[in-house]
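Participant: Residue numbers (the working numbering), protein chains in the order written: chain A, 4 to 419; chain B, 4 to 419.
Input: one structure, supplied below.
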């Protein structure tokens, strides 16, 4: 069975002047992809009648599923709702359920419900209303000539909520006759081509209804097995068998068997081993702490970070020695080691990590721009490393943080 | 004169499966917009011949400028270059200048130059080659029937570099007969509609060749004046006159007269006043420190941050009192004040800031999810505030950080 093909249409002038980065499309594409629906085109148009009308007309000739985001707010430039109503030949009517919900949202936020807010409860009478728990603008589901057109608000968390509550379950029911299952393997520290070579025979031996995809990102290669079949239990059994075979072959670089971000893999590992982590961050300015605390419950294993941007803070709080700074310079493995040890001591953790580096040309440092020194320490051992990053300041910071999280993970797994 | 209209086409399977968020389009749109070119459509297609060919054919019937990013790398799935060559009726030839540059890049990175890398130096013989200082794939500039088609690599910093070096100057020369100038006013703490009301008469009095745009984001409203005219000096004089009038009217909420991010406005202010800043971050986990250190040279005014995720760290390093924690709970203005004072003391700064809050449901806190308490202190005064955020964990953190940066800015400007 070939996959269903979809277009995502995003509406909004703010996308076309570059004021907003479109994160909705990536979210939608990822989630449709996991349900076996291929997004083959994405189109962004402004808040203009012609732009929206033409995009809709054209994409309907191409694909059987159209997802639209944006253009549903209460302000005057949002023209999508009446346009969709006209396009599909309906008329706008107040939906009592939506009205009650909108009024409740206004009450909760202590805002007066005005006459013009009534419009927010209007929907075309020829659509299925998709309720929006987190906002006032409902989603709308239209059907025409075997095509499905879904319109969603542009606010990311509202869009995600309606997708999860209403759209994905309906799409699954409609399109997914076969079972569709995924299993993942996350590897770290090896390149895509190296991994492909290691597992060539296993990949070749996969049955035709199980596909393997490589999803590389800096320092990480994610492998995803996707299987289709009519016997779900049997399919899962087979997928997990192949997942195990691949994981056993790639053993030394496997860091997780589920598709979760690096900071969560690290968090799970720390919790599992009942270890706590403390950081001393210079050049990363708190970004590693920020990443780790993106995970709910990270207070179980993360005590804190000493962001020691000024040299005095390295000395005062972490106990870095003036002689070490003088002899080796602030960007050195020797200083990173004293920072890691200081972090472990003052934050009272099992593991201490220190990072110092030069992200962009500034001041009169004696090291090359892009030089990063890190150190890791626990009760048994201390290691340090130097690596280099080669881009601009912001991307260098991203790379330094990604590499740091990987190194902490590998240190705790005794891979380094 | 009406604006030139452009389409951005982005190519890459990674965009359609949601693996990559498209930041290139926003960058390009912003920069074209500043040159008076309107992006009216954006289309994303996968690495397929049909997808690319059709998108190009269709968009050429619509707009006179097409910018393409992606699909130019050395791997097999990148089919854009031969396709463009065929589309415009040329043939691929090795460009000696590009070849020398590619070889130099390989040497610099200590990688062997292989036979298949020769392809990277091939370009269609009917395009103008746009040199890529930071990468191996050159940009290409095609012209056909009064349309301009520019193809650029998808790696963001390479794309940006070619745009700045080669594309934007050529577009300016080609399309911009009149002078086009912008002046900005950044306001904080007031909503778009309030501001619009305050300046209604000034906006109405603008000459027809000067337009005012509102660019709102959480907590911030940016006003941009854009003027066109044939006398550049006169135009700038007028723009600055209107900028001054608007700024004078909005005085109490104006935070900058140039278009720079909040963390840079704050940095400039701290440097100008020769003040230093120290943070104590609990719920934000280091994110405020990260934001502040995104600005090169921030070590001039930013000493560091104590990320005190664990209660023990608040007590040990910042001197938060057990009685205060017991009496008011960890999420309280009283604790925030002690954190701010502690940060100022141990980081030896002029200004101290503390933040503690509950971003998502976890543990057995006695406060409502989304409650954030902050405090600010300097030699003269200490203030504290409580605010609430209403979204999911990650967006709550973003909001808390944005609000914090604004509060620090307003504290230093004595606006609060």
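For every residue, glycine included, the Cβ atom is placed at its ideal position computed from N, Cα and C.
The structure presented is a predicted model; accordingly, all values stated were derived computationally and were not measured.
1) Beta strand (DSSP E) containing residue 292 of chain B: first to last residue?
2) Any idea if residue 245 of chain A is buried or exposed, counting beta-carbon neighbours within 10 angstroms, 16 or more meaning buried?
3) Going by other Cβ atoms of all chains shown within 10 Å of its Cβ, with 16 needed for buried, is residue 197 of chain B buried or exposed?
4) At 8 Å on the CB atoms, spell out the chain B contacts of residue 311 of chain A, in chain order.
5) Spatial neighbours of residue 17 of chain B within its chain, please: C-beta separation below 6 Å, excluding the five flanking residues on both sides.
6) Here's a check: name, in chain order, each residue in its chain whose Cβ is nearer than 6 Å to the Cβ of residue 40 of chain B, leaving out the five neighbours to either side.
7) Can we say the stretch 313-321 of chain A touches the stretch 301-310 of chain B, given the rule of at least three CB pairs closer than 8 Å?
8) At least one CB of chain A closer than 8 Å to the CB of residue 410 of chain B: is that the case?
9) Along the chain, which unbroken stretches of the alpha helix (DSSP H) at least 4 residues long are found entirely within the stretch 12-37 of chain B?
10) So that I know if they touch, is there some Cβ in chain B lying closer than 8 Å to that of residue 79 of chain A?
11) Would you say residue 320 of chain B lies against chain A (beta-carbon separation less than 8 Å)?
12) Which residue or residues does DSSP assign as beta-bridge partners of residue 378 of chain B?
13) Taking only the alpha-carbon atoms, compute the straight-line gap between residue 13 of chain B and residue 185 of chain A and give it to the nearest angstrom.
14) Going by DSSP, what residue range makes up the alpha helix (DSSP H) through residue 224 of chain A?
15) What residues in the stretch 388-404 of chain A have a beta carbon less than 7 Å from any beta carbon of chain D?
16) Where does residue 147 of chain B fall in DSSP's three states?
17) Is residue 8 of chain A close to chain B? Criterion is C-beta to C-beta, closer than 8 Å.
18) Go to residue 263 of chain A, then tell me how far its alpha helix (DSSP H) extends in each direction, as first and last residue.
19) Which same chain residues end up closer than 6 Å to residue 44 of chain A when comparing Cβ atoms and leaving out the 5 residues on each side of it in sequence?
20) Measure from the C-beta of residue 48 of chain B to each C-beta in chain A and report whether the shortest distance is under 8 Å.
21) Do you know whose CA, among A:222, A:205, A:220 and A:377, lies nearest residue 214 of chain A's CA?
22) May I have the straight-line CA-CA distance separating residue 112 of chain A from residue 156 of chain A, to the nearest angstrom?
23) Using 8 Å as the limit for Cβ to Cβ distance, is residue 175 of chain A near chain B?
24) Report yes or no: is there a C-beta of chain A within less than 8 Å of the C-beta of residue 351 of chain B?
25) Under a three-way DSSP split, which group does residue 194 of chain A fall into?
26) Alpha helix (DSSP H) containing residue 125 of chain A: first to last residue?
27) Can at least three beta-carbon pairs, one atom from the stretch 112-132 of chain B and one from the stretch 92-101 of chain B, be found at a separation below 8 Å?
28) May I have the straight-line CA-CA distance separating residue 158 of chain B from residue 51 of chain B, to the nearest angstrom?
29) Can you tell me whether residue 282 of chain A is helix, strand or coil according to DSSP?
30) Can you pull the chain A residues whose beta carbon is under 8 Å from the beta carbon of residue 2 of chain B, in chain order?
31) Ignore the nearest five residues each way along the sequence and tell me which others in residue 243 of chain A's own chain have a CB closer than 8 Å to its CB.
32) Cβ of residue 19 of chain A less than 8 Å from any chain B Cβ?
33) How many angstroms separate the CA atom of residue 226 of chain A from the CA atom of residue 247 of chain A?
34) Can you give me the start and stop residues for the beta strand (DSSP E) that residue 305 of chain A sits inside?
35) Any beta carbon from chain A within less than 8 Å of residue 36 of chain B's own beta carbon?
36) Closest by CA to residue 252 of chain A, which one among A:321, A:203 and A:349?
Facilitator: Working from what's here:
1) Not the beta strand (DSSP E): residue 292 of chain B falls in the alpha helix (DSSP H), residues 290-295.
2) It counts as buried.
3) Residue environment analysis places residue 197 of chain B among the exposed positions, since fewer than 16 neighbouring C-beta atoms fall within 10 angstroms of its C-beta.
4) Within 8 Å Cβ-Cβ: 307.
5) The answer, listed in chain order, is 23.
6) The answer, listed in chain order, is 7 and 9.
7) With the cut-off at 8 Å, the stretch 313-321 of chain A and the stretch 301-310 of chain B touch.
8) False, the Cβ-Cβ gap to chain A never drops below 8 Å.
9) Fully enclosed alpha helix (DSSP H) runs of 4 or longer: 16-19 and 27-37.
10) Reliability of the predicted coordinates at residue 79 of chain A is poor, the pLDDT of 49 falling under 50, and the value obtained from them is presented with this limitation in mind. Answer no: the Cβ-Cβ gap between residue 79 of chain A and chain B never drops below 8 Å.
11) In terms of beta-carbon proximity, residue 320 of chain B lines the interface with chain A, with at least one pair separated by less than 8 Å.
12) By DSSP's assignment, residue 378 of chain B forms a beta bridge with B:357 and B:387.
13) Roughly 28 Å separates the two Cα atoms.
14) Judged by DSSP secondary structure, residue 224 of chain A falls outside any alpha helix (DSSP H) and instead within the beta strand (DSSP E) spanning 223-232.
15) Of the chains in the structure shown, none is chain D; the protein chains are A and B.
16) Residue 147 of chain B: strand per DSSP, three-state reduction.
17) Taking Cβ atoms only, chain B never reaches closer than 8 Å to residue 8 of chain A, which makes this a no.
18) For residue 263 of chain A, there is no enclosing alpha helix (DSSP H), as DSSP marks it with neither H nor E.
19) Answer for residue 44 of chain A: 10, listed in chain order.
20) At a cut-off of 8 Å, the C-beta of residue 48 of chain B has a neighbouring C-beta in chain A.
21) Shortest Cα-Cα distance from residue 214 of chain A to any of A:222, A:205, A:220 and A:377 involves A:205.
22) When only Cα atoms are considered, residue 112 of chain A and residue 156 of chain A end up about 19 Å apart.
23) No, residue 175 of chain A lies away from the interface with chain B (no Cβ there is under 8 Å from its Cβ).
24) Residue contact check for residue 351 of chain B against chain A: a CB pair falls below 8 Å.
25) Here residue 194 of chain A sits in coil by DSSP.
26) For residue 125 of chain A, there is no enclosing alpha helix (DSSP H); the residue is found in the beta strand (DSSP E) stretching over 125-127.
27) As far as the Cβ criterion goes, the stretch 112-132 of chain B touches the stretch 92-101 of chain B, which means the pair count is three or higher.
28) Put simply, the backbone Cα of residue 158 of chain B is about 19 Å away from that of residue 51 of chain B.
29) Collapsing the DSSP output to three states places residue 282 of chain A in a strand.
30) Residue numbering for chain B in the displayed model covers 4 to 419; residue 2 of chain B lies beyond these limits and cannot be assessed.
31) Taken in chain order, the residues that qualify are 186.
32) Output row for residue 19 of chain A: interface = yes.
33) Residue 226 of chain A and residue 247 of chain A: Cα-Cα distance of roughly 12 Å.
34) First-last of the beta strand (DSSP E) with residue 305 of chain A: 305-311.
35) At least one chain A Cβ lies under 8 Å of residue 36 of chain B.
36) Considering only alpha carbons, the answer is A:203.
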